[in-house]
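Let me begin by presenting the structure, written as structure tokens, before commenting on it.
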Amino acid sequence: MVAFLLKLLFNQYEIEFHPTKASHDGSKDFWAIDDLQELWWAECKNYTQNIALKELAPTLVMAELNDVQHLLFFSYSNLNKNLKRHIGRYAFEHKKEVFIYENETIEELLFTNYKEMLSDFLGQQIKADFHHSVEIDFYNEKNPKLIDKKRFNGYYEIMDLAVGEVYNLNVIAENKHKFNSCTIKITIDESEDNYYFEFLSQDKALRNKIMRTIELKPNQIVLCKFKVRLIKYRERLKLPRLCTEVCLNGVQEAKAKADSVAYPCEWNRNNVLIGKHYEDLINIFTHECINNSPMSGFLVYGGGGTGKTRILQECDAVLTKNDYHILNFIGFDKNSSWKDVVREITYSAFAISEDLAFHLMCETDDIVIPSLDDNIKEEIVAFFKLLNKKEFAFEELHRYLKIIFGKLSQGRYAVIIDNMQSYAVEIIDFFKEMIQYMLQHQQSSHIVLLISINTSLVFDDRYLDFIGEFSRIDFLCRKIDGFQNEKQAIAYLKTILSLDDYPLNLPVLRKILASTSLKPKYIQQLANHLIISDCIEFKNQHGIINKSKELEASLRSIPDDYERLFSSSYHMILDKYVQWKSDIYDFISLLHLFSTMDESLLDILNVDRKIVQALVRHGVIKNEGDHRNKCYAFEHDLIESCLSTDIYPDLLKNAMKYLESYQDLFHTILRDKQVPILLYKLSHRMYAGSELITINKHKVLYTIPNKFIFNFHTYLLDNFINKKDEMELNVFIKEVSECCKYVRDHISELSAEYLFDKAFSHVFDIVSNEKNILREQFSFIIHYCENKNRLAKADLSRKIYTLYYERLEACVLNHRDMEREIEYAKAYLENRIFVCGRLEGASLKYVSNLNNSMMTAIAWQFHDILLEDCFDAANLFFMNNEDLKRGIELLKWGFRSFELLPAHTAAKFKVNYYSKLILYQLITQQFEDAIKTANEALSYIKDNEIINYHIFFKCRYLKYKLIALLLIGDCSDILDSTFEQYETNLSITHTDKSDDWLFLQAKYAFLNNNRDNFESIFQRLYTSMDYASSNVNMLEELALKYKLLFPEKIFSEIDDRAKSLSLVNKLLYMTPNEIKAFNADYISKAVIVSIDKKDGFYM
99 MVAFLLKLLF
109 NQYEIEFHPT
119 KASHDGSKDF
129 WAIDDLQELW
139 WAECKNYTQN
149 IALKELAPTL
159 VMAELNDVQH
169 LLFFSYSNLN
179 KNLKRHIGRY
189 AFEHKKEVFI
199 YENETIEELL
209 FTNYKEMLSD
219 FLGQQIKADF
229 HHSVEIDFYN
239 EKNPKLIDKK
249 RFNGYYEIMD
259 LAVGEVYNLN
269 VIAENKHKFN
279 SCTIKITIDE
289 SEDNYYFEFL
299 SQDKALRNKI
309 MRTIELKPNQ
319 IVLCKFKVRL
329 IKYRERLKLP
339 RLCTEVCLNG
349 VQEAKAKADS
359 VAYPCEWNRN
369 NVLIGKHYED
379 LINIFTHECI
389 NNSPMSGFLV
399 YGGGGTGKTR
409 ILQECDAVLT
419 KNDYHILNFI
429 GFDKNSSWKD
439 VVREITYSAF
449 AISEDLAFHL
459 MCETDDIVIP
469 SLDDNIKEEI
479 VAFFKLLNKK
489 EFAFEELHRY
499 LKIIFGKLSQ
509 GRYAVIIDNM
519 QSYAVEIIDF
529 FKEMIQYMLQ
539 HQQSSHIVLL
549 ISINTSLVFD
559 DRYLDFIGEF
569 SRIDFLCRKI
579 DGFQNEKQAI
589 AYLKTILSLD
599 DYPLNLPVLR
609 KILASTSLKP
619 KYIQQLANHL
629 IISDCIEFKN
639 QHGIINKSKE
649 LEASLRSIPD
659 DYERLFSSSY
669 HMILDKYVQW
679 KSDIYDFISL
689 LHLFSTMDES
699 LLDILNVDRK
709 IVQALVRHGV
719 IKNEGDHRNK
729 CYAFEHDLIE
739 SCLSTDIYPD
749 LLKNAMKYLE
759 SYQDLFHTIL
769 RDKQVPILLY
779 KLSHRMYAGS
789 ELITINKHKV
799 LYTIPNKFIF
809 NFHTYLLDNF
819 INKKDEMELN
829 VFIKEVSECC
839 KYVRDHISEL
849 SAEYLFDKAF
859 SHVFDIVSNE
869 KNILREQFSF
879 IIHYCENKNR
889 LAKADLSRKI
899 YTLYYERLEA
909 CVLNHRDMER
919 EIEYAKAYLE
929 NRIFVCGRLE
939 GASLKYVSNL
949 NNSMMTAIAW
959 QFHDILLEDC
969 FDAANLFFMN
979 NEDLKRGIEL
989 LKWGFRSFEL
999 LPAHTAAKFK
1009 VNYYSKLILY
1019 QLITQQFEDA
1029 IKTANEALSY
1039 IKDNEIINYH
1049 IFFKCRYLKY
1059 KLIALLLIGD
1069 CSDILDSTFE
1079 QYETNLSITH
1089 TDKSDDWLFL
1099 QAKYAFLNNN
1109 RDNFESIFQR
1119 LYTSMDYASS
1129 NVNMLEELAL
1139 KYKLLFPEKI
1149 FSEIDDRAKS
1159 LSLVNKLLYM
1169 TPNEIKAFNA
1179 DYISKAVIVS
1189 IDKKDGFYM
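The opening residue of the sequence shown carries number 99 in the numbering used here; numbering runs sequentially from there.
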């Protein structure tokens, strides 16, 4: 029958349809290729009372895989309104032409063409009256945002309006005329409410003028979408109202209007950021990223609360105006992994939702077109099956990436990733692969990638590498620090509070903001503080000052940093709700654990809604869902950080205690809360030893948020210690060492010290001559002590090294090959004892240890230890330029030792080799070579996982590169970007190395004769640096340069701190002639000197 109808309908177009084999529902489908080589597909559905969307999922995916341009649905059943909306949206987003033949339509086609046959068969004339029309379906929705992945593909029902929110005005038109085309004109009904909205579609509404005219072929269904953004508040507002006028053969047939609904309006204080630099960023993004190339990108990075997310939101509006299909992952990171990001991008590209993908897994035979290679079909189906797995590794995904990238390249997509550092590092690999693919496959379409990274929450340097790589491929990359001056901050505060100029132009406020944070988040918290303290209240969404004197007094006592300001505000909130104080504590604990809590979870855990509402009202938490599907999260990462570190340092412990009453639900309604359950079971020691080893080995699969990495490993370490007697000792040592090292590498040395100290006695007290135990114990001792060294506790390290050396000397050798391993360990310990002595400032006292180490290394041919010994000995001769030639010879000896190492050992020690090679090139004034080697070293360290202390060596390479650039006078963008990389890498070491960065900044200012900047940095270092610091020589050099820049000026901050320990004050009192003579002598003693001998660096 359908074959006959297809022949009837398309014979005049010379389109011949071919049948497929029977599909899963028992019917046959048909395909054809027209003269333009475009593919047609006719989908046949048997009668069922309700055809579900999942039944069409294979067809929609098939159409995407095969690039079907024309889809025809034949169904004996009527398709319901919701299904037609999905089909219309699919046709709109993927530019498909869709026709629907359902119920009476099929009957009419049959009756029209079989009329005479039926009359003869029945022996009487048949008459029938069929009604023809164009069906119009108006519906409005919130513009979807990918916050809750489970609802991303659903319709967002509108309950109220919010300033700044984007809304979609949709109209579905279906031409029910069987043989006639029609024209539909779409207009906007005139209303004063329209002036409260900005029309974002490119074909912007001109109110009563025609917005769009569309031609509908017989039985065609079309969706038209118009986006508007609410830009001004009123208590109740109506969305702009769409109107349609249908014309058939030039004659008006029908008119229709959308329903007119007055919605309550919610005032949103998420205002546009004020300041030319913010506006310029959006303008640059618009100019450089929109329609510029097949792929463009914009990455903003910086500390917390600087306005990064708001910038992405403004860019979202720009992209919306330019008709991009936007995948907005802002807020998605709370309870989602990198895998969820990949899934959602894939499902969107193939026009299906996650639930449809699940049903698709068993429908592989439906994705069949003869022109499609079977291998490709099988690969695509295998890809969807992989995505449907709960866990998979990036390596499994890699072979399928070309599938999703190929689909994306056919469209016009924008992907927005906020807080990229919150996801596992696999997300970096995914987007690097995407960028590489898109740049290699130049397409006519366009992809825009927008990313924000909070560098204060970065614990893996690969995110910082990504920032550098993003910038190097000519994508837009900007560091965001906040407002540039207090005037911008005051203007922003006025906007948030809806206040007039008076009294926020108070001199006291300008003075306060001039010396405090100018980050937008700080200003927002300041506004909250003034509201909570009852200085300002709102009437009709307009700020009213209750008490001017109290306001001024409150401003004078405002803390100058966000953390203390929030803490002050939060304690005011607690004072308002004293009766709920413990309940608020419990709720904050649970929200910290679960990251987001929806209504069902609140019910399960018996959380009082009044508490939730109060915290929403005061800006502590926010509803990320809508009125029907509320989902609560902390208003900002900074708030959660303040609560979990300063106000409630035991939040997680309290959450674990609270859950004790609900652990019977872990296998039922709470079973999907994987990480909270894992933490709970670890905290209550509910795992066996073998299970703990498995958890430690596969912990990446759990997608543990950064905020819980320390707690997770602390719990895991406690469990290992508790199960020590059940485990082999070498396995026990290895597992606890892995816990400590992971925290060191992913959080900080300071955090790792807690775990190392907790594990130390349990490892060190093991006395054994077993080779496997000694090997793991030795490794733990080395990592333990090196972590202490990084924290300037070399004296403790030296004592531990000495004790362990004495134990090894007394070790009974029970294996033939153990003597060599014991000698190796002792030689290495001798080296480390010397290094500790050097860090303590007593190199000569422990030089005998270095000699012993070198003698043993030479005798046993331990080339790796000899390499370390030579490099450490060279440092002795470079200090104060005592014997530069001898130091250089030792470096060369170390280089020769490196060349004798086997490949696997050389890979481990190459980072130290690079470090000393760059130093050698600096000392020998090969500055260009030093820069090249530094770049090579940075590339090497990025690509190798076996290296310990990534950040330590990376900072060293960047520092050496900066020295080389400064000494050759390179003031290009390369110097600026290197400074930026050095600063951000220093920040994630979480140790105080700011003096190094400031010192190099001061040298840069001196090089450029930037007197004001130099003086500011010198003053900052002078007033803050401890004179007992090992970096005091930096201050001495800067004092010398200060007098060279300001020979007659008396430094106003001179004091008598530790005058006997430093030359600093003496230098600051010198006359111009004394300074000139001193400078010549000072430069002559520098280890690294510029070619013109005008500047240099000490070791």
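In this text, a Cβ means the ideal position worked out from N, Cα and C, and glycines have one as well.
{"query": "Residues of its chain near residue 247, where Cβ-Cβ distance is below 8 Å and the 5 sequence neighbours each way are ignored", "result": "At residue 247, the pLDDT of 47 sits below 50, so the modelled position is not reliable and the matter cannot be decided from this model."}
{"query": "Identity of the residue in 661, 675, 241, 100 nearest residue 174 by Cα", "result": "100"}
{"query": "Test item: CB-CB of residue 933 and residue 970 under 9 Å", "result": "yes"}
{"query": "In chain order, each beta strand (DSSP E) run of at least 3 residues that lies wholly inside the stretch 948–1005", "result": "none"}
{"query": "In chain order, each alpha helix (DSSP H) run of at least 4 residues that lies wholly inside the stretch 739–807", "result": "749–756, 772–781, 787–795"}
{"query": "Continuous beta strand (DSSP E) stretch holding residue 318: start and end", "result": "318–328"}
{"query": "Contact check, residue 351 vs residue 269, beta carbons under 9 Å", "result": "no"}
{"query": "Coarse secondary structure for residue 544, derived from DSSP in three states", "result": "strand"}
{"query": "Alpha-carbon spacing of residue 303 relative to residue 309, whole angstroms", "result": "Residue confidence for residue 303 is low, a pLDDT of 45 falling below 50, so the modelled location carries little weight; the figure read from the coordinates is stated next. Those two C-alpha atoms are separated by around 5 Å."}
{"query": "Nearest-angstrom Cα separation, counted from residue 695 out to residue 728", "result": "8 Å"}
{"query": "As assigned by DSSP and simplified to three states, the class of residue 640", "result": "strand"}
{"query": "Every unbroken alpha helix (DSSP H) inside the stretch 379–429 [4 residues or more]", "result": "406–419"}
{"query": "Minimum length 3: unbroken beta strand (DSSP E) runs contained in the stretch 475–529", "result": "510–515"}
{"query": "Burial state of residue 1000 (16 or more Cβ within 10 Å)", "result": "exposed"}
{"query": "Any 3 or more C-beta pairs closer than 8 Å across the stretch 853–873 and the stretch 816–833", "result": "yes"}
{"query": "When 1048, 675, 1056 are compared against residue 1031, the one with the closest alpha-carbon", "result": "1056"}
{"query": "Length of the line joining the Cα atoms of residue 557 and residue 962", "result": "30 Å"}
{"query": "Pick from 592, 646, 644 that is closest to residue 625, judged by C-alpha positions", "result": "592"}
{"query": "Bridge partners - residue 696, DSSP secondary structure assignment", "result": "729"}
{"query": "Backbone CA spacing between residue 619 and residue 942 [nearest angstrom]", "result": "52 Å"}
{"query": "Under the three-state DSSP convention, the category residue 375 falls into", "result": "helix"}
{"query": "Secondary structure of residue 311, DSSP reduced to three states", "result": "strand"}
{"query": "Residue 470 to residue 397 span [Cα, whole Å]", "result": "With a pLDDT of 49 at residue 470, under the threshold of 50, the modelled position of that residue is not reliable, and no figure is offered here."}
{"query": "Candidates 660, 850, 490, 1015, of which the one nearest residue 801 by Cα", "result": "490"}
{"query": "Beta-carbon contacts of residue 817 that lie in its chain and below 7 Å, excluding the five residues immediately before and after", "result": "780, 783, 785, 790"}
{"query": "Contacting residues, own chain, Cβ-Cβ under 7 Å from residue 436 (five flanking each side not counted)", "result": "521, 522, 524, 525, 528"}
{"query": "Proximity of residue 274 and residue 342 at Cβ, strictly below 9 Å", "result": "no"}
{"query": "Euclidean distance between Cα positions of residue 922 and residue 882", "result": "18 Å"}
{"query": "Nearest-angstrom Cβ-Cβ length linking residue 404 and residue 659, presumed shorter than 8 Å", "result": "Not a contact, Cβ separation roughly 14 Å."}
{"query": "Neighbour-count burial assignment, residue 285, 16 or more Cβ in a 10 Å radius", "result": "buried"}
{"query": "Entirely enclosed alpha helix (DSSP H) segments - the stretch 136–198, minimum 4 residues", "result": "155–163, 179–192"}
{"query": "For residue 129: DSSP bridge partner residues", "result": "116, 139"}
{"query": "Whole-angstrom distance between residue 1167 and residue 1158, CA atom to CA atom", "result": "Annotation note: pLDDT 44 at residue 1158 (below 50); position unreliable, coordinate value reported separately. So the alpha carbons of these two residues sit roughly 14 Å apart."}
{"query": "Reduced DSSP secondary structure (H/G/I, E/B, other) of residue 909", "result": "coil"}
{"query": "C-alpha gap between residue 655 and residue 748, whole angstroms", "result": "29 Å"}
{"query": "For residue 618, three-class secondary structure by DSSP", "result": "helix"}
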